[in-house]
Amino acid sequence: MLSAAYDELTRWGLERFDIPTMCARHKIDEALVTQYWGDGSSLALDALVHWSDDVMTSPDTGSLRTDLRALAAAVGRQVNNDIGRSLLRAMVVDDRAAFANDTRMAFWFKRFSSIRSVFDRAAERGEIRSGVDTIAAMQLVLAPINVRALYTKDPIEESYCDAIADLVWHAIAQH
(Lines of atoms letter the chains of each structure in order from A and count residues from 1; the text may use other names and numbers.)
(Lines give C-alpha, C1' and ligand atoms only; values in the text may rest on other atoms or scores of the structure.)
Protein backbone atom coordinates (compact mmCIF):
# COMPACT_ATOMS: atom_id res chain seq x y z
CA MET A 1 0.00 0.00 0.00
CA LEU A 2 2.77 2.43 0.91
CA SER A 3 4.59 1.80 -2.37
CA ALA A 4 1.39 2.61 -4.26
CA ALA A 5 1.01 5.79 -2.21
CA TYR A 6 4.68 6.70 -2.88
CA ASP A 7 4.09 6.20 -6.57
CA GLU A 8 1.03 8.45 -6.58
CA LEU A 9 2.70 11.12 -4.47
CA THR A 10 5.79 11.21 -6.68
CA ARG A 11 3.64 11.37 -9.82
CA TRP A 12 0.98 13.83 -8.73
CA GLY A 13 1.95 15.39 -5.40
CA LEU A 14 -0.62 16.03 -2.73
CA GLU A 15 -2.70 18.22 -5.03
CA ARG A 16 -3.86 15.28 -7.11
CA PHE A 17 -3.41 12.34 -4.70
CA ASP A 18 -6.60 10.36 -5.21
CA ILE A 19 -7.56 7.02 -3.64
CA PRO A 20 -9.84 5.76 -6.46
CA THR A 21 -7.18 6.54 -9.07
CA MET A 22 -4.41 4.96 -6.98
CA CYS A 23 -6.49 1.83 -6.41
CA ALA A 24 -7.37 1.48 -10.09
CA ARG A 25 -3.78 2.04 -11.22
CA HIS A 26 -2.30 -0.38 -8.67
CA LYS A 27 -5.17 -2.92 -8.62
CA ILE A 28 -5.92 -2.40 -4.93
CA ASP A 29 -9.29 -2.88 -3.25
CA GLU A 30 -10.55 0.67 -2.67
CA ALA A 31 -12.84 -0.43 0.18
CA LEU A 32 -9.84 -1.79 2.07
CA VAL A 33 -7.94 1.46 1.67
CA THR A 34 -10.85 3.62 2.82
CA GLN A 35 -11.53 1.24 5.72
CA TYR A 36 -8.03 1.83 7.11
CA TRP A 37 -7.18 5.31 5.84
CA GLY A 38 -10.48 7.08 5.16
CA ASP A 39 -10.29 9.82 2.54
CA GLY A 40 -6.63 9.26 1.75
CA SER A 41 -5.02 12.07 3.73
CA SER A 42 -4.05 9.55 6.43
CA LEU A 43 -2.52 7.23 3.82
CA ALA A 44 -0.57 10.10 2.26
CA LEU A 45 0.64 11.16 5.72
CA ASP A 46 1.60 7.56 6.63
CA ALA A 47 3.55 7.22 3.39
CA LEU A 48 5.40 10.48 3.99
CA VAL A 49 6.13 9.63 7.63
CA HIS A 50 7.39 6.16 6.65
CA TRP A 51 9.61 7.74 3.99
CA SER A 52 10.95 10.11 6.61
CA ASP A 53 11.59 7.53 9.37
CA ASP A 54 15.39 7.86 9.15
CA VAL A 55 15.14 11.58 9.80
CA MET A 56 12.34 11.30 12.33
CA THR A 57 14.48 9.09 14.55
CA SER A 58 16.52 11.78 16.18
CA PRO A 59 20.21 11.01 16.69
CA ASP A 60 21.58 10.81 20.21
CA THR A 61 25.36 10.91 19.99
CA GLY A 62 25.88 12.71 23.29
CA SER A 63 26.70 16.12 21.86
CA LEU A 64 24.79 18.80 19.99
CA ARG A 65 27.42 19.18 17.29
CA THR A 66 27.53 15.49 16.35
CA ASP A 67 23.74 15.18 16.66
CA LEU A 68 23.35 18.05 14.18
CA ARG A 69 25.82 16.39 11.81
CA ALA A 70 23.97 13.07 12.04
CA LEU A 71 20.62 14.81 11.51
CA ALA A 72 21.87 16.75 8.47
CA ALA A 73 23.41 13.58 7.00
CA ALA A 74 20.09 11.73 7.43
CA VAL A 75 18.22 14.53 5.64
CA GLY A 76 20.81 14.45 2.85
CA ARG A 77 20.48 10.67 2.45
CA GLN A 78 16.71 10.98 2.37
CA VAL A 79 16.67 13.32 -0.62
CA ASN A 80 19.65 11.86 -2.49
CA ASN A 81 17.57 9.69 -4.78
CA ASP A 82 14.77 10.19 -7.29
CA ILE A 83 12.01 8.98 -4.95
CA GLY A 84 13.22 11.18 -2.11
CA ARG A 85 13.36 14.25 -4.30
CA SER A 86 9.98 13.49 -5.82
CA LEU A 87 8.38 13.07 -2.40
CA LEU A 88 10.02 16.28 -1.23
CA ARG A 89 8.57 18.05 -4.26
CA ALA A 90 5.19 16.50 -3.45
CA MET A 91 5.32 18.36 -0.13
CA VAL A 92 5.63 21.72 -1.88
CA VAL A 93 1.96 22.40 -2.40
CA ASP A 94 -0.36 25.34 -2.46
CA ASP A 95 -3.96 25.70 -1.35
CA ARG A 96 -5.14 23.32 -4.08
CA ALA A 97 -4.16 20.29 -1.97
CA ALA A 98 -6.55 17.38 -2.24
CA PHE A 99 -7.34 17.26 1.48
CA ALA A 100 -9.27 19.70 3.65
CA ASN A 101 -6.96 19.06 6.59
CA ASP A 102 -3.42 20.12 5.99
CA THR A 103 -1.52 16.87 5.45
CA ARG A 104 1.66 18.78 4.67
CA MET A 105 1.56 20.64 8.00
CA ALA A 106 0.72 17.42 9.87
CA PHE A 107 3.81 15.83 8.32
CA TRP A 108 6.10 18.72 9.25
CA PHE A 109 4.65 18.83 12.77
CA LYS A 110 5.39 15.10 13.25
CA ARG A 111 8.86 15.58 11.83
CA PHE A 112 9.65 18.58 14.04
CA SER A 113 8.18 16.87 17.12
CA SER A 114 10.52 13.93 16.74
CA ILE A 115 13.61 15.97 15.86
CA ARG A 116 13.05 18.42 18.71
CA SER A 117 14.56 15.94 21.16
CA VAL A 118 18.00 16.71 19.69
CA PHE A 119 17.60 20.29 20.90
CA ASP A 120 15.88 19.38 24.16
CA ARG A 121 18.72 17.02 25.16
CA ALA A 122 21.31 19.63 24.19
CA ALA A 123 19.51 22.23 26.31
CA GLU A 124 19.52 19.83 29.28
CA ARG A 125 23.29 19.38 28.81
CA GLY A 126 23.72 23.18 28.74
CA GLU A 127 24.91 23.20 25.12
CA ILE A 128 22.38 25.70 23.70
CA ARG A 129 22.26 29.43 24.34
CA SER A 130 19.18 30.57 26.20
CA GLY A 131 16.43 32.01 24.04
CA VAL A 132 17.13 29.85 20.98
CA ASP A 133 13.94 29.11 19.04
CA THR A 134 14.11 25.34 18.45
CA ILE A 135 11.77 25.45 15.46
CA ALA A 136 14.02 28.03 13.80
CA ALA A 137 17.09 25.95 14.67
CA MET A 138 15.53 22.84 13.09
CA GLN A 139 14.64 24.86 10.01
CA LEU A 140 18.24 26.06 9.79
CA VAL A 141 19.33 22.42 9.49
CA LEU A 142 16.57 21.19 7.18
CA ALA A 143 15.94 24.12 4.83
CA PRO A 144 19.29 24.44 3.02
CA ILE A 145 19.46 20.70 2.32
CA ASN A 146 15.85 20.51 1.17
CA VAL A 147 16.11 23.64 -0.98
CA ARG A 148 19.25 22.33 -2.67
CA ALA A 149 17.46 19.03 -3.35
CA LEU A 150 14.39 20.83 -4.70
CA TYR A 151 16.24 23.09 -7.11
CA THR A 152 19.18 21.02 -8.27
CA LYS A 153 19.90 17.50 -9.41
CA ASP A 154 23.26 17.57 -7.66
CA PRO A 155 23.85 14.97 -4.97
CA ILE A 156 23.81 16.28 -1.43
CA GLU A 157 27.34 15.57 -0.27
CA GLU A 158 28.14 14.66 3.32
CA SER A 159 30.61 17.55 3.45
CA TYR A 160 27.74 19.94 2.61
CA CYS A 161 25.62 18.42 5.38
CA ASP A 162 28.53 18.77 7.82
CA ALA A 163 28.98 22.43 6.81
CA ILE A 164 25.27 23.14 7.42
CA ALA A 165 25.38 21.36 10.79
CA ASP A 166 28.48 23.29 11.84
CA LEU A 167 26.92 26.62 10.85
CA VAL A 168 23.83 25.82 12.92
CA TRP A 169 25.97 24.65 15.83
CA HIS A 170 27.94 27.92 15.78
CA ALA A 171 24.67 29.88 15.67
CA ILE A 172 22.95 28.19 18.62
CA ALA A 173 25.65 26.68 20.83
CA GLN A 174 26.55 27.99 24.26
CA HIS A 175 30.20 29.07 23.76
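Just so we're on the same page, our numbering is the position in the sequence shown counted from 1, plus 3.
We treat Cβ as the ideally placed atom computed from N, Cα and C, and that holds for glycine.
How long is the line joining the alpha carbons of I31 and A109, rounded to whole angstroms? In a straight line, the C-alpha of I31 is about 26 Å away from that of A109.
Taking H178 as the reference, give the member of L67, W40, N149 with the closest Cα. If we check each option's Cα against that of H178, L67 comes out closest.
For the segment 70-86 against the segment 164-172, are there 3 or more C-beta pairs whose distance is under 8 Å? As far as the Cβ criterion goes, the segment 70-86 touches the segment 164-172, which means the pair count is three or higher.
Return the CA-CA distance between R128 and M4, expressed in angstroms with no decimal places. R128 and M4 have their alpha carbons spaced roughly 42 Å apart.
What did DSSP end up calling I159 once you bin it into helix, strand or coil? Three-state DSSP puts I159 in coil, outside helix and strand.
How is I131 classed by DSSP in three states: helix, strand or coil? The answer is strand: DSSP assigns I131 an E or B state.
Cβ distance (whole Å) where L12 is taken to contact A50 below 8 Å: With a Cβ gap of about 6 Å, L12 and A50 count as contacting.
Let's test the definition: count the other Cβ atoms within 10 Å of the Cβ of T155 and tell me whether it reaches 16, buried, or not, exposed. So T155 counts as exposed.
Within the chosen definition, does the segment 81-94 reach the segment 31-43 through at least 3 CB pairs nearer than 8 Å? When C-beta atoms of the segment 81-94 are compared with those of the segment 31-43, fewer than three pairs fall below 8 Å, so the two segments do not count as touching.
Over the uninterrupted alpha helix (DSSP H) stretch that includes I31, give me the two end residues. That residue, I31, is in no alpha helix (DSSP H); it is neither H nor E in DSSP.
A140 and F122 closer than 7 Å at C-beta: It is a contact, given that the beta carbons lie within the stated cut-off.
Would you mind giving the Cβ-Cβ distance between A8 and L35, rounded to the nearest angstrom? I have them listed as a contact below 8 Å. At roughly 13 Å, the Cβ-Cβ gap does not stay under 8 Å, so A8 and L35 are not in contact.
Counterpart residues of A139 in DSSP-defined beta bridges: DSSP links A139 through a beta bridge to no other residue.
For A93, which residues of its own chain have a beta-carbon under 7 Å away from its beta-carbon, when the five flanking residues on both sides are left out? Once the five neighbours on either side are set aside, the close Cβ partners of A93 are L12, T13, G16, L17.
Would G65 and C164 qualify as a contact pair, given that the criterion is a beta-carbon distance under 7 Å? No, these two residues do not count as a Cβ contact at 7 Å.
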